[in-house]
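Q:
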Amino acid sequence: MRSRQSAQNWLYCTLVGVLGLYASTYQTLVDRLAARFGMDERMIGVLLSVYAIGSLCSVLVSGMLSDSMGKRRVVLCAALLMCLGLVCVATAGGTVPLFVGLFLTGVGFGPSESIGSALLTDENPGSSTKWMNLSQIFFGVGAILAPLAATWYLTLPGVDASGALLICAGAVFLCWAAMALTSGGRLQTPAGARRELNVFSVLKNREFLLYAVLIFVYLCYESIGPVYFRQLFLERGATEADANLAISIFWAAMVLLRLVGVFMGGRELACVRWLSPLIAVGVAVALLAQSNGLRLLGVVLYGFGCGPVWPMLFVLASRVFPHRSGAAYATMMLFSMAGNSLSPAILGSGVNNVEITFIICAFLSLAVAGGGWYAMRKYAAPVSRPARGEM
């Protein structure tokens, strides 16, 4: 039984890794996708936001259903919708099917990550921090490989961004098939489950609300970091290969710190407090650097600052409501997607200045660090007190 559970854990980590592969591929190719339909660079933020809005909408619905109909069913449905959306984007002949495909891709992506993560937490109550960070390491590895693979892929004759997205669709489908074939007997409705339509009732708890706000602010600067580092490098005269390398370096730095996070169970708030300010340091280095080498050092520090902060905030939130992990994770993912949806259009396209965008991100990271310090002083460390459940 234990080996079967371990196999399931690694399978869901693999799905999260494929999600990272797709997310970074899309970030790398979104400018080419915009150019294919005659859009200027200012529309990049809009394309990112359409996809993120789809995730935001689906996470709300999945949060209502996951604790009652079963998390595995929700993840299987979401993964299939993501495949459909990617195929639609890859074969789109106009802007309307493009936007529809991006929206559907987001609809599938959000629950696949959030409810899949909730499932890992439910089935590994004694090592939730470990598996959350491991799944996000898989996400990061996929994100690291994607820009390099996309750069190589586009050098092949007769290929374009559409082919890369179809490859992502195929990878998601393989994960869906593996999960469907190995979930026999585990798709039943949870015993004693009841449908809780008011997902937002978890926000009545002030500690949970704080973590939700922090995850929103965090996503504001994490979501645009890779794409706008690429734009910064291009503006400073770097080649496209070097600009794509910056995205991979960002994710590599994040993965390295998430590996450290695997061993940081019980010290989640310490990670939030001490790592977040590295974003501001990384921004200062990247903007002031006179060479690509030093600029990459800024990218590394930015990646370190993101590190395990996202999974740590999710783990902290789940401990506030251990018996409603689906609602807790869905609400946290909803706030994540809200930041992911609004940030590219407002801080990116709206500002329309890479340097100012990064300066705003630096201040937001300091706000997250401040929130971590406040949580440490206001609430006892989660590891030192029993989970409170609903209040």
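Sequential numbering from 329 applies to the sequence shown in our numbering.
Ideal Cβ placement from N, Cα and C applies to all residues, glycine included.
(1) Does DSSP classify A566 as helix, strand or coil?
(2) Alpha carbon to alpha carbon, how far is G422 from F365?
(3) Determine the DSSP secondary structure at Q618, reduced to helix, strand or coil.
(4) Between which residues of its own chain and A569 is the CB-CB distance below 7 Å, once the five residues before and five after are set aside?
(5) Relative to the C-alpha of A608, which candidate in Y630, L432, G593 has its C-alpha closest?
(6) Between Y354, M371, T356, Q355, which lies nearest to A362 when the distance is taken from Cα to Cα?
(7) Would you give the residue range spanned by the alpha helix (DSSP H) that R401 belongs to?
(8) What residues in its chain sit with their C-beta under 6 Å from that of F632, if we drop five residues either side in the sequence?
(9) Here's a check: name, in chain order, each residue in its chain whose Cβ is nearer than 8 Å to the Cβ of G699, leaving out the five neighbours to either side.
(10) Leaving out five residues on either side along the sequence, give the residues of the same chain with a beta carbon under 7 Å from the beta carbon of P439.
(11) Measure the Cβ-Cβ separation of L375 and L430 and say whether it is below 8 Å.
(12) Looking at the structure shown, is G593 part of a helix, part of a strand, or coil, going by DSSP?
(13) How about Y549 and S693: are their beta carbons less than 8 Å apart?
(14) Between F536 and the rest of its own chain, which residues show a CB-CB distance below 6 Å, the 5 nearest in sequence each way excluded?
(15) What is the rounded straight-line gap between the Cα of F561 and the Cα of L502?
(16) With distances taken between CB atoms, is the gap from P485 to N572 smaller than 8 Å?
(17) On the premise that L414 lies in contact with A492, defined as a C-beta separation below 8 Å, what is that separation, rounded to the nearest angstrom?
(18) Using only alpha-carbon positions, find the residue among C689, M661, F663 that is nearest to I674.
(19) At the level of alpha carbons, what is the spacing between A574 and P554?
(20) Rounded to whole angstroms, what is the Cα-Cα separation between T510 and F437?
A: In short:
(1) Here the question's residue 566 lines up with position 238 in the sequence shown. In this structure, A566 counts as coil in the three-state DSSP scheme.
(2) Position 94 of the sequence shown, counted from the start, is the residue given in the question as residue 422. Position 37 of the sequence shown, counted from the start, is the residue given in the question as residue 365. So the alpha carbons of these two residues sit roughly 7 Å apart.
(3) One-based indexing of the sequence shown puts residue 618 at position 290. When DSSP states are grouped into helix, strand and coil, Q618 belongs to the coil group.
(4) Translated into the one-based positions of the sequence shown, residue 569 becomes position 241. For A569, the CB contacts under 7 Å within the same chain, skipping 5 residues up- and downstream, are T479 in chain order.
(5) Position 280 of the sequence shown, counted from the first residue, corresponds to residue 608. Of the candidates Y630, L432, G593, the one whose C-alpha sits nearest the C-alpha of A608 is Y630.
(6) Walking along the sequence shown from the start, residue 362 turns up at place 34. Answer by Cα proximity: M371.
(7) As a working mapping, residue 401 is identified with position 73 in the sequence shown. For R401, the enclosing alpha helix (DSSP H) stretches over residues 399-419.
(8) Start at 1 with the first residue of the sequence shown, and residue 632 comes out as number 304. In chain order, A581, L585, L606 place their CB closer than 6 Å to the CB of F632, counting only its own chain and leaving out the 5 sequence neighbours on each side.
(9) Counting from 1 along the sequence shown, the entry for residue 699 is found at position 371. Closer than 8 Å at Cβ, skipping near neighbours: L538, V541, L542, V545, V600.
(10) For the purposes of this step, residue 439 is identified with residue 111 of the sequence shown, where counting begins at 1. S386, V387, S390, V402, V403, A406.
(11) As a working note, residue 375 is residue 47 in the sequence shown. As a working note, residue 430 is residue 102 in the sequence shown. Contact flag set, yes.
(12) Translated into the one-based positions of the sequence shown, residue 593 becomes position 265. It is coil, neither helix nor strand.
(13) Here the question's residue 549 lines up with position 221 in the sequence shown. Here the question's residue 693 lines up with position 365 in the sequence shown. Yes. Within cutoff.
(14) Your numbering for residue 536 matches position 208 in the sequence shown. Only residues of its own chain outside the window of five on either side were considered, and among them V530, A645, V648 have a CB closer than 6 Å to the CB of F536, listed in chain order.
(15) Mapped onto the sequence shown, residue 561 falls at position 233. Mapped onto the sequence shown, residue 502 falls at position 174. If I take the Cα positions, the gap works out to 35 Å.
(16) Taking the sequence shown and counting its residues from 1, the one referred to as residue 485 is at position 157. Taking the sequence shown and counting its residues from 1, the one referred to as residue 572 is at position 244. Against a cut-off of 8 Å, the Cβ pair of N572 and P485 comes out as no contact.
(17) Taking the first residue of the sequence shown as 1, we reach residue 492 at position 164. Taking the first residue of the sequence shown as 1, we reach residue 414 at position 86. The distance from the Cβ of A492 to that of L414 is about 10 Å, inconsistent with a contact at the 8 Å cut-off.
(18) As a first step, residue 674 must be located in the sequence shown, where it is residue number 346. Nearest neighbour of I674 by Cα position, chosen from C689, M661, F663, turns out to be C689.
(19) Numbered from its first residue, the sequence shown carries residue 574 at position 246. Numbered from its first residue, the sequence shown carries residue 554 at position 226. Distance between the alpha carbons of A574 and P554 is about 7 Å.
(20) To locate residue 510, count along the sequence shown from 1; it is residue 182. To locate residue 437, count along the sequence shown from 1; it is residue 109. If I take the Cα positions, the gap works out to 21 Å.
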